[in-house]
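The opening position of the sequence shown corresponds to residue -5 in the numbering used here, with each subsequent residue numbered one higher.
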Amino acid sequence: MSGFERILARVGGDALRSYCSSAIEDELRNLQTRMKTCLESVEQAMKVQEAVAKLDVPMSRENAATCAEIKRKYAKFSADLKGFVEEQRKLQAEAPEASPDDQQKQSEQQSRERVTKLLGKIQHRITRKRNDAWIDKNFADVETIASIIGDDDFAGPDKALRNELVLVLDHLISAVLLSPLTNQSTLEKMEKVLKKLADVHDDIDEYIKSSSELLTKKRAAYTSQNESNNIVDAAEEPRMKRQRVENTPQSDFLVKVERTAAAVAAAEAAGSDATYEVFVSDLPWGTTKEADVASYFGIAGAVVSVQMPTMADGSTVGVAIVRFATLEGMTLALRMDGYPFNGKNIRVVVHKSN
């Protein structure tokens, strides 16, 4: 299969534009590897030929033929490579010089692609990686995104990119709030990072404002950095547990206890047929996708299914039933009551099946 056929086999449609450059880079690396292998073969053949010449012993007909074949292939490869390089230089010389407008559009396109890749990395870390560094790495990537979209040469994020940015930030905020690694210092840092996205677009400014209000409200429930670094011995553990309970805002804590108790009671009553479901409301109407909801609640635990009622035209109506594989996943999801999803604070309660 030729290099071009391999490119077409890997990508197609709209994806061709995005992946073509990386596929060509793969082909060039392939070419470099083949050239290195060929050179090594020629060097080995020359060494053998020189060694035989020093011994003043004629090579066998078979070895001489092998050596000649290697040299022939190397000569053909060198000629093909030379032709390829000359063709690329010719194409580059003949290419029309891009106008300033074209250069601007190309620069903006590259910036958008970079932002999209960074958003993908953030999402990947949230859903796939659970090491201690994922929070700081994601904060660093958000700061990079802020510097890109805040640049004067960048025309600003379009609606699709704004929606994608908000969705990923929703995932990040919720994952940080649910993480056992989070303390008050973490929330303060996240708030500062989010504010670096300000003054890019009114939609994002409104999102930052509501997110900051949520973080301020939730901050009291988390220990300070000094408290989180303290070593607690076995005798102190019960007292520290009580302290964590006392530090939790009363309303949030009571809600959590009541809902967890209801879920456990339902699970015990159902026995082996227990289902762990939450009912989600206040989702954005019309365009919310099941995959986005499943990905979002996947932060809490493994999602078995998502059910979203729709109208006759297929648009959603702002509610969903999310089923988890375990009670722990459902219990953690209950903490996401009031968390942001697509810029709206959602409601999450235990689903009471009929």
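Cβ atoms here follow ideal geometry from the backbone N, Cα and C, with glycine treated the same way.
Spatial distance of residue 116 from residue 130 (CA atoms): 11 Å
CA-to-CA distance, residue 70 to residue 53, given in whole angstroms: 24 Å
Looking at residue 132 and residue 166, is the spacing between their C-beta atoms short of 9 Å? yes
Just to confirm the assignment, what range does the beta strand (DSSP E) spanning residue 314 have? 314 to 318
Which of the three DSSP states, helix, strand or coil, is assigned to residue 341? strand
Residue span of the beta strand (DSSP E) that contains residue 289, given as start and end: Run containing residue 289: none in the beta strand (DSSP E); it sits in the alpha helix (DSSP H), 284 to 291.
Contact between the stretch 143 to 151 and the stretch 271 to 289 (3+ Cβ pairs under 8 Å): no
How is residue 350 classed by DSSP in three states: helix, strand or coil? Absent from the structure is residue 350, since the part of the chain shown begins at -5 and ends at 348.
Which same chain residues end up closer than 8 Å to residue 158 when comparing Cβ atoms and leaving out the 5 residues on each side of it in sequence? 110 and 113
Please list the terminal residues of the continuous alpha helix (DSSP H) segment that includes residue 68. 55 to 88
Shorter than 9 Å from the beta carbon of residue 310 to some beta carbon of chain C? Absent here is chain C; the protein component of the structure consists of one chain.
Suppose the cutoff is 7 Å on Cβ atoms and the five residues either side in sequence are ignored; what does the same chain contact list for residue 191 look like? 140, 198 and 202
DSSP three-state assignment for residue 332, whether helix, strand or coil: coil
Would you call the CB atoms of residue 164 and residue 336 closer than 9 Å? yes
Among residues of its own chain, excluding the 5 on either side of residue 28, which ones have a beta-carbon nearer than 8 Å to its beta-carbon? 71
For residue 332, which option in 179, 107, 171 and 62 has the closest C-alpha, if you only look at C-alpha atoms? 171
Check whether the Cβ atoms of residue 316 and residue 300 sit closer than 9 Å, and answer yes or no. yes
Among the residues of its own chain, which have a CB less than 8 Å from the CB of residue 189, if the five just before and after it don't count? 202 and 206
Under 8 Å from any heavy atom of the ligand MG, does the C-beta of residue 31 make it? The ligand MG is absent from the structure shown, which contains no ligands of any kind.
Confirm, please, whether the CB-CB distance from residue 176 to residue 216 is below 9 Å. yes
Measuring only the C-alpha atoms, how far is residue 213 from residue 184? 11 Å
DSSP three-state assignment for residue 234, whether helix, strand or coil: The predicted model places residue 234 with a pLDDT of 45, which falls under 50 and marks its position as unreliable; any figure quoted below should be read in that light. Reduced to three states, the DSSP call for residue 234 is helix.
Using only the alpha-carbon positions, how far apart do residue 1 and residue 44 sit? Note on residue 1: pLDDT 48, under 50, position unreliable in the model; the coordinate value appears next. Cα to Cα, residue 1 sits roughly 42 Å from residue 44.
Status (buried if at least 16 other CB within 10 Å, exposed otherwise) for residue 40: exposed
DSSP bridge partner residues for residue 280 (one or two, in chain order): 310
Count the other CB atoms, across all protein chains shown, that sit within 10 Å of the CB of residue 118; report buried if there are 16 or more and exposed otherwise. exposed
Let me know the secondary structure DSSP gives residue 105 once reduced to three states. helix
Option in 321, 338, 339 and 334 with minimal Cα separation from residue 345: 321
So is residue 327 buried or exposed if we call it buried at 16+ other beta carbons inside 10 Å? buried
Extent of the continuous alpha helix (DSSP H) to which residue 216 belongs: Residue 216 -> no alpha helix (DSSP H), and no H or E assigned at all.
Looking at the secondary structure, which residues open and close the beta strand (DSSP E) in which residue 273 lies? 270 to 275
For the stretch 156 to 197, which segments carrying the alpha helix (DSSP H) assignment without a break, of at least 4 residues, lie completely within its bounds, in sequence order? 178 to 189
Within 10 Å of its beta-carbon, does residue 294 have 16 or more other beta-carbons around it, so buried, or fewer, so exposed? buried
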